[in-house]
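Participant: Chains A, B, C and D supply the protein sequences, listed in that same order. The working numbering applies: residue 1 is where the first sequence begins, and numbers increase by one. The working numbering applies: residue 1 is where the second sequence begins, and numbers increase by one. The working numbering applies: residue 1 is where the third sequence begins, and numbers increase by one. The working numbering applies: residue 1 is where the fourth sequence begins, and numbers increase by one. Even glycine gets a Cβ: it sits at the ideal position worked out from N, Cα and C. Quick caveat, the model's predicted, so the values are computed rather than measured.
There are 4 protein chains.
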Amino acid sequence: MNWKDKLHEIIYEADTPAGKAFDVALIVLILFSVILVMLESVSSIDLKYHDQLLFLEWVVTVLFSIEYILRIICIERPKKYILSFYGVIDFLSTIPLYLSYIFSGSQVFLALRALRLLRVFRILKLVQFIGESSILLNALKKSRAKIAVFIYAVIILSIILGTLMYLIEGNESGFTSIPRSIYWTIVTLTTVGYGDIAPQTPLGQFIATIIMILGYGIIAVPTGIVTVAFSKEKKDSIHLNTQSCKNCSMEGHRDDALFCYHCGHKL
Amino acid sequence: MNWKDKLHEIIYEADTPAGKAFDVALIVLILFSVILVMLESVSSIDLKYHDQLLFLEWVVTVLFSIEYILRIICIERPKKYILSFYGVIDFLSTIPLYLSYIFSGSQVFLALRALRLLRVFRILKLVQFIGESSILLNALKKSRAKIAVFIYAVIILSIILGTLMYLIEGNESGFTSIPRSIYWTIVTLTTVGYGDIAPQTPLGQFIATIIMILGYGIIAVPTGIVTVAFSKEKKDSIHLNTQSCKNCSMEGHRDDALFCYHCGHKL
Amino acid sequence: MNWKDKLHEIIYEADTPAGKAFDVALIVLILFSVILVMLESVSSIDLKYHDQLLFLEWVVTVLFSIEYILRIICIERPKKYILSFYGVIDFLSTIPLYLSYIFSGSQVFLALRALRLLRVFRILKLVQFIGESSILLNALKKSRAKIAVFIYAVIILSIILGTLMYLIEGNESGFTSIPRSIYWTIVTLTTVGYGDIAPQTPLGQFIATIIMILGYGIIAVPTGIVTVAFSKEKKDSIHLNTQSCKNCSMEGHRDDALFCYHCGHKL
Amino acid sequence: MNWKDKLHEIIYEADTPAGKAFDVALIVLILFSVILVMLESVSSIDLKYHDQLLFLEWVVTVLFSIEYILRIICIERPKKYILSFYGVIDFLSTIPLYLSYIFSGSQVFLALRALRLLRVFRILKLVQFIGESSILLNALKKSRAKIAVFIYAVIILSIILGTLMYLIEGNESGFTSIPRSIYWTIVTLTTVGYGDIAPQTPLGQFIATIIMILGYGIIAVPTGIVTVAFSKEKKDSIHLNTQSCKNCSMEGHRDDALFCYHCGHKL
Numbered sequence: 001m002n003w004k005d006k007l008h009e010i011i012y013e014a015d016t017p018a019g020k021a022f023d024v025a026l027i028v029l030i031l032f033s034v035i036l037v038m039l040e041s042v043s044s045i046d047l048k049y050h051d052q053l054l055f056l057e058w059v060v061t062v063l064f065s066i067e068y069i070l071r072i073i074c075i076e077r078p079k080k081y082i083l084s085f086y087g088v089i090d091f092l093s094t095i096p097l098y099l100s101y102i103f104s105g106s107q108v109f110l111a112l113r114a115l116r117l118l119r120v121f122r123i124l125k126l127v128q129f130i131g132e133s134s135i136l137l138n139a140l141k142k143s144r145a146k147i148a149v150f151i152y153a154v155i156i157l158s159i160i161l162g163t164l165m166y167l168i169e170g171n172e173s174g175f176t177s178i179p180r181s182i183y184w185t186i187v188t189l190t191t192v193g194y195g196d197i198a199p200q201t202p203l204g205q206f207i208a209t210i211i212m213i214l215g216y217g218i219i220a221v222p223t224g225i226v227t228v229a230f231s232k233e234k235k236d237s238i239h240l241n242t243q244s245c246k247n248c249s250m251e252g253h254r255d256d257a258l259f260c261y262h263c264g265h266k267l
Numbered sequence: 001m002n003w004k005d006k007l008h009e010i011i012y013e014a015d016t017p018a019g020k021a022f023d024v025a026l027i028v029l030i031l032f033s034v035i036l037v038m039l040e041s042v043s044s045i046d047l048k049y050h051d052q053l054l055f056l057e058w059v060v061t062v063l064f065s066i067e068y069i070l071r072i073i074c075i076e077r078p079k080k081y082i083l084s085f086y087g088v089i090d091f092l093s094t095i096p097l098y099l100s101y102i103f104s105g106s107q108v109f110l111a112l113r114a115l116r117l118l119r120v121f122r123i124l125k126l127v128q129f130i131g132e133s134s135i136l137l138n139a140l141k142k143s144r145a146k147i148a149v150f151i152y153a154v155i156i157l158s159i160i161l162g163t164l165m166y167l168i169e170g171n172e173s174g175f176t177s178i179p180r181s182i183y184w185t186i187v188t189l190t191t192v193g194y195g196d197i198a199p200q201t202p203l204g205q206f207i208a209t210i211i212m213i214l215g216y217g218i219i220a221v222p223t224g225i226v227t228v229a230f231s232k233e234k235k236d237s238i239h240l241n242t243q244s245c246k247n248c249s250m251e252g253h254r255d256d257a258l259f260c261y262h263c264g265h266k267l
Numbered sequence: 001m002n003w004k005d006k007l008h009e010i011i012y013e014a015d016t017p018a019g020k021a022f023d024v025a026l027i028v029l030i031l032f033s034v035i036l037v038m039l040e041s042v043s044s045i046d047l048k049y050h051d052q053l054l055f056l057e058w059v060v061t062v063l064f065s066i067e068y069i070l071r072i073i074c075i076e077r078p079k080k081y082i083l084s085f086y087g088v089i090d091f092l093s094t095i096p097l098y099l100s101y102i103f104s105g106s107q108v109f110l111a112l113r114a115l116r117l118l119r120v121f122r123i124l125k126l127v128q129f130i131g132e133s134s135i136l137l138n139a140l141k142k143s144r145a146k147i148a149v150f151i152y153a154v155i156i157l158s159i160i161l162g163t164l165m166y167l168i169e170g171n172e173s174g175f176t177s178i179p180r181s182i183y184w185t186i187v188t189l190t191t192v193g194y195g196d197i198a199p200q201t202p203l204g205q206f207i208a209t210i211i212m213i214l215g216y217g218i219i220a221v222p223t224g225i226v227t228v229a230f231s232k233e234k235k236d237s238i239h240l241n242t243q244s245c246k247n248c249s250m251e252g253h254r255d256d257a258l259f260c261y262h263c264g265h266k267l
Numbered sequence: 001m002n003w004k005d006k007l008h009e010i011i012y013e014a015d016t017p018a019g020k021a022f023d024v025a026l027i028v029l030i031l032f033s034v035i036l037v038m039l040e041s042v043s044s045i046d047l048k049y050h051d052q053l054l055f056l057e058w059v060v061t062v063l064f065s066i067e068y069i070l071r072i073i074c075i076e077r078p079k080k081y082i083l084s085f086y087g088v089i090d091f092l093s094t095i096p097l098y099l100s101y102i103f104s105g106s107q108v109f110l111a112l113r114a115l116r117l118l119r120v121f122r123i124l125k126l127v128q129f130i131g132e133s134s135i136l137l138n139a140l141k142k143s144r145a146k147i148a149v150f151i152y153a154v155i156i157l158s159i160i161l162g163t164l165m166y167l168i169e170g171n172e173s174g175f176t177s178i179p180r181s182i183y184w185t186i187v188t189l190t191t192v193g194y195g196d197i198a199p200q201t202p203l204g205q206f207i208a209t210i211i212m213i214l215g216y217g218i219i220a221v222p223t224g225i226v227t228v229a230f231s232k233e234k235k236d237s238i239h240l241n242t243q244s245c246k247n248c249s250m251e252g253h254r255d256d257a258l259f260c261y262h263c264g265h266k267l
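(1) Can the beta-carbon of GLY217/B be found less than 8 Å from the beta-carbon of ILE30/C?
(2) Can you tell me the Cα-Cα spacing of ILE95/B and THR61/B, whole angstroms?
(3) Can you check whether the C-beta of VAL154/A is within less than 8 Å of a C-beta belonging to chain B?
(4) Please indicate yes or no: does the CB of ALA208/C lie closer than 7 Å to some heavy atom of the ligand NAD?
(5) Is the distance from the Cβ of ALA139/B to the Cβ of PHE230/B below 8 Å?
(6) Out of GLU57/C, ILE102/C and TYR12/C, state which residue places its alpha-carbon closest to the alpha-carbon of PRO78/C.
(7) Could you tell me which chain A residues have their CB closer than 7 Å to the CB of TYR183/B, listed as they occur along the chain?
(8) On the premise that VAL221/B lies in contact with ALA114/B, defined as a C-beta separation below 8 Å, what is that separation, rounded to the nearest angstrom?
(9) Under 8 Å, CB to CB, which of the residues in the region 86-102 of chain C have a partner in chain A?
(10) For PRO199/D and GLU169/D, I'd like the C-alpha separation in whole angstroms.
(11) Closest Cβ-Cβ distance between PHE230/C and chain B: below 8 Å?
(12) Would you say THR201/A faces chain B, with C-beta separation under 8 Å as the test?
(13) Just to confirm before moving on: does the CB-CB distance between LEU53/B and ILE159/A stay below 8 Å?
(14) Quick one: what's got a C-beta closer than 7 Å to VAL120/B's C-beta in the same chain, skipping five residues either side?
(15) Which ranges would you report for the alpha helix (DSSP H) in the region 168-201 of chain C if only whole runs of at least 4 residues count?
(16) Under a three-way DSSP split, which group does TYR101/A fall into?
(17) By how many angstroms is the C-alpha of THR227/B removed from the C-alpha of VAL24/D?
(18) Nearest to ILE225/D by alpha carbon, out of LEU97/D, SER43/D, GLU40/D and VAL149/D?
(19) Answer with yes or no whether the minimum CB distance from MET277/B to chain C is below 8 Å.
(20) With C-beta atoms as the reference, is PHE64/D less than 8 Å away from SER84/D?
(21) Determine, using beta carbons only, whether THR223/C comes closer than 8 Å to chain A.
(22) So, at 8 Å on beta carbons, what are the nonlocal neighbours of LEU164/B in its own chain, with the 5 sequence-adjacent residues on each side left out?
(23) Give the single residue among ILE72/B, THR185/B and ASP196/B whose Cα lies nearest to the Cα of MET212/A.
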């Protein structure tokens with residue numbers, strides 16, 4: 001095994017102690033870089049510690065650059081990594097500081113680094129939680145179509161009700177355009193309720209009331225969809241640990257089955 | 001098949017390629033017309049591009065007019081279409097621009113065009129999603145009575161609690177009338193919480209607290225109703241495609257069972 | 001059957017056409033009286049139509065008085081009715097207008113009339129919805145203990161977190177006392193979020209964030225409790241329509257039972 | 001049994017009448033002390049009744065001191081109690097008034113007394129509700145891993161979306177830093193919606209809309225997790241009190257079954 005393969009094992013896999021150590025170090029570095037960006041965005045902190053933050057920013061950027069180069073070197077088909085989802089994120093979150101010396105203002109794109117947090121999911125996937133999160137994801141995937149229909153209906157409903165509220169409130173009290181009115185409808189329907197826009201006419205308040213009760217009720221729909229999907233997922237995974245047929249090794253029999261459903265052999 | 005029947009097939013059905021193309025074109029036109037109305041309602045955009053928007057408005061109106069006339073021509077009983085739900089919506093969403101030359105201000109009713117979005121459901125119904133949305137709708141229909149009882153109880157509760165809050169807060173802090181007070185109660189009970197009206201007296205805040213916890217709790221009721229309805233719907237659709245054993249008439253076999261799980265007889 | 005019994009049948013029961021007509025008339029009168037109280041509370045309407053509203057108020061009060069007296073006359077043990085829940089509500093919602101000539105300001109108690117709306121439940125109970133609402137109520141009754149534990153935990157949590165926020169925000173930004181701070185905590189935990197009080201310090205906002213995610217998560221608890229209670233209720237009612245034993249007529253056998261669980265007779 | 005053992009039985013256990021009486025007295029005292037702290041924090045009440053409140057504060061502090069000393073005396077290994085969770089809370093909630101004579105301002109820590117309310121759970125655990133709350137806790141414990149994955153995903157999502165909103169709104173309308181922007185995202189995602197910060201740019205409002213619908217939808221995930229956990233818990237607890245047939249070892253009999261439903265043998 002040459003050094004490239006070794007490096008690949010460390011960076012891309014997590015089976016060896018060195019691989020695990022690399023993943024932990026990467027998570028720590030990502031979290032640290034995100035906190036750094038957050039602190040820079042707070043103007044009072046940035047004014048006081050600007051130089052120190054910039055120095056740490058450079059440290060992080062250099063480390064990310066090294067990681068990026070190593071990833072390209074040790075993989076067989078670098079193009080595949082560079083054009084992959086995580087490859088693009090890695091590139092975009094490393095480049096801004098270099099660019100800030102060419103284009104002023106591009107430092108703002110440091111915030112793209114927050115996208116690196118998504119990598120945490122990938123690393124965890126290799127280590128732990130895999131069973132739990134896969135059950136969640138499977139259930140959500142299976143109820144995708146139903147959730148799409150639901151979101152679709154909510155959006156159409158919001159457009160119709162938002163337009164209606166625009167006609168009723170008529171430029172008053174923040175309902176200055178239909179898009180704003182639709183924005184308000186979604187704020188109300190999802191029970192967020194900022195209060196930056198609120199109906200003033202009695203009729204507007206009456207319809208707002210109906211929208212609220214509607215929103216309060218239809219929250220039950222996604223909940224119902226997901227709950228049923230979860231409970232089905234659970235049942236499927238439970239049925240796996242029942243007896244297997246001695247004759248044909250088939251699994252998944254009913255709990256009270258006396259004969260194999262596949263070959264008819266007595267269980 | 002004469003040209004009327006052909007036209008009917010294209011406009012009212014979606015089995016032929018031409019019919020599908022017409023439906024897709026119609027959805028695009030509806031979405032475009034709704035976006036147009038939205039843009040017009042934003043005063044800054046309307047000031048700048050008023051003439052262009054008006055021109056596009058005319059294009060859309062003429063196309064909708066042609067569609068409306070064709071629909072009447074190619075159907076056998078035009079009255080049935082004209083008085084149907086979608087017939088009325090089609091008419092109301094086409095006429096406003098013509099009317100705006102007779103009555104000033106009627107342009108506002110262009111917003112009625114948003115109702116056309118409902119047709120999207122009809123078109124989709126013919127094409128896709130039919131299975132998924134029918135399961136959702138069936139489940140909701142079956143739990144209709146329970147949901148009605150629930151909404152009824154919520155409204156009565158809101159009226160009683162709203163009246164109570166009016167007595168306690170006594171014209172202070174926005175609780176100026178019982179209807180306004182009921183409006184506030186529903187805003188709170190559904191956990192929307194605008195904050196345009198908020199109790200100021202300690203007793204009012206105490207009761208507001210109880211209303212909130214109540215609202216937080218009773219959201220469980222519609223969720224429970226819908227979830228149970230969904231899970232029943234799921235089970236029914238699974239149990240429908242089972243067979244019974246010819247020997248012992250046992251039911252509830254797995255979909256891929258070859259032998260009865262109870263007596264071992266070949267299915 | 002003398003006139004007292006006839007009257008009793010009309011007023012207290014709903015089996016005869018006359019009884020049903022009385023119930024419908026009573027519901028209409030109650031709804032009308034509640035709307036009347038609402039309109040009076042809107043000062044702009046009250047200023048304009050004060051005399052007309054007062055006249056209608058007298059009509060309603062006289063009708064309620066007659067109903068109250070008839071109820072006492074035609075029942076065998078009047079005391080039982082007078083001291084019953086609905087008896088007290090009927091009395092309290094009838095008396096305020098009379099009292100307003102003795103004590104000024106007692107007119108405000110007309111709002112108690114909203115409690116009459118509860119009678120609507122009673123009337124409906126006799127006619128319709130009985131099955132549906134009884135399933136809902138049974139399920140809620142059975143999960144009473146769990147819901148009590150949950151509400152209890154929420155209140156304790158709110159007191160502790162509210163006190164904590166008072167210490168952190170320290171009289172700033174509306175957290176002027178511990179009770180107010182607890183009020184804010186409940187507003188946040190239940191995801192109502194008025195915004196009349198909002199944390200200003202970074203630490204306060206951080207803890208507010210935790211409270212929100214907590215509130216977002218623990219809404220799952222009552223939902224879970226009620227959903228499970230509903231689904232159990234459904235199953236119980238389904239088990240009623242299974243076979244009964246020919247020997248001992250026992251019901252409620254398992255779907256795959258071969259012998260009666262009570263007498264051992266072959267099913 | 002010497003007096004130490006007797007004292008231990010009264011203070012630490014709840015089986016004897018004296019033990020129960022002590023627990024009830026302690027709950028009353030804790031509730032009283034918490035209400036006292038609340039009243040002190042309301043400046044208008046504190047100004048008027050400062051001396052009376054201080055006196056009652058001393059009464060409570062002395063009683064708590066006595067309880068603390070007795071707890072140490074009557075236990076075999078005092079260290080274990082002192083360093084236990086409740087031991088630390090008892091100490092911290094007793095000491096502030098004494099400290100207030102040494103360090104000014106330490107009276108504020110009286111609010112720590114709210115933590116004493118947690119003891120109420122412990123006392124109740126010994127007496128009642130044990131079955132109900134243990135079912136709740138078991139279900140929550142089992143779904144711990146899934147809930148952790150969910151909260152983790154929500155936090156990452158909030159950081160990414162919050163950073164995005166900071167870039168879009170650009171210091172306007174309250175989005176002054178990334179942490180504040182993340183705070184807003186969580187306020188929106190959990191459907192709390194204070195309205196102290198609200199997006200002003202059209203693009204910001206559009207993304208806010210997506211965040212709201214997202215938050216409205218993903219509330220279904222914890223609900224689904226907990227509901228499934230509860231329903232599994234319910235089934236398990238029902239299956240625990242069943243018996244198996246002596247003849248055919250069949251399980252899953254009704255609680256009131258006298259004969260095996262499978263072979264008809266007497267149970």
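Facilitator: According to the structure shown:
(1) Cβ distance not < 8 Å, so GLY217/B and ILE30/C don't count as in contact.
(2) One Cα belongs to ILE95/B, the other to THR61/B, and the distance between them is close to 8 Å.
(3) By the rule that beta-carbons nearer than 8 Å mark a contact, VAL154/A does not touch chain B.
(4) As for the ligand NAD, it is missing from this structure, which has no ligand bound.
(5) Result yes, Cβ atoms of ALA139/B and PHE230/B sit closer than 8 Å.
(6) For PRO78/C, the nearest C-alpha among the options comes from TYR12/C.
(7) Ordered by position in chain A, the residues that pass the 7 Å Cβ test against TYR183/B are GLN205 and THR209.
(8) At roughly 31 Å, the Cβ-Cβ gap does not stay under 8 Å, so ALA114/B and VAL221/B are not in contact.
(9) Within the region 86-102 of chain C, no residue has a Cβ that lies closer than 8 Å to any Cβ of chain A.
(10) Each residue's alpha carbon lies about 7 Å from the other.
(11) Output row for PHE230/C: interface = yes.
(12) THR201/A does not count as touching chain B.
(13) It is not a contact, given that the beta carbons lie outside the stated cut-off.
(14) So the list reads ILE27 and ILE30, once near-sequence residues are dropped.
(15) The region 168-201 of chain C contains these whole alpha helix (DSSP H) runs: 178-189.
(16) Three-state result, TYR101/A: coil.
(17) The alpha-carbon atoms of VAL24/D and THR227/B are separated by roughly 41 Å.
(18) Measuring from the Cα of ILE225/D, the nearest candidate turns out to be VAL149/D.
(19) The structure shown does not extend to residue 277/B, since chain B spans only 1 to 267, so no value can be given for it.
(20) No.
(21) Residue-level contact by beta carbon holds for THR223/C and chain A, with a gap shorter than 8 Å.
(22) Here the set comprises ILE207.
(23) Nearest option by C-alpha distance: THR185/B.
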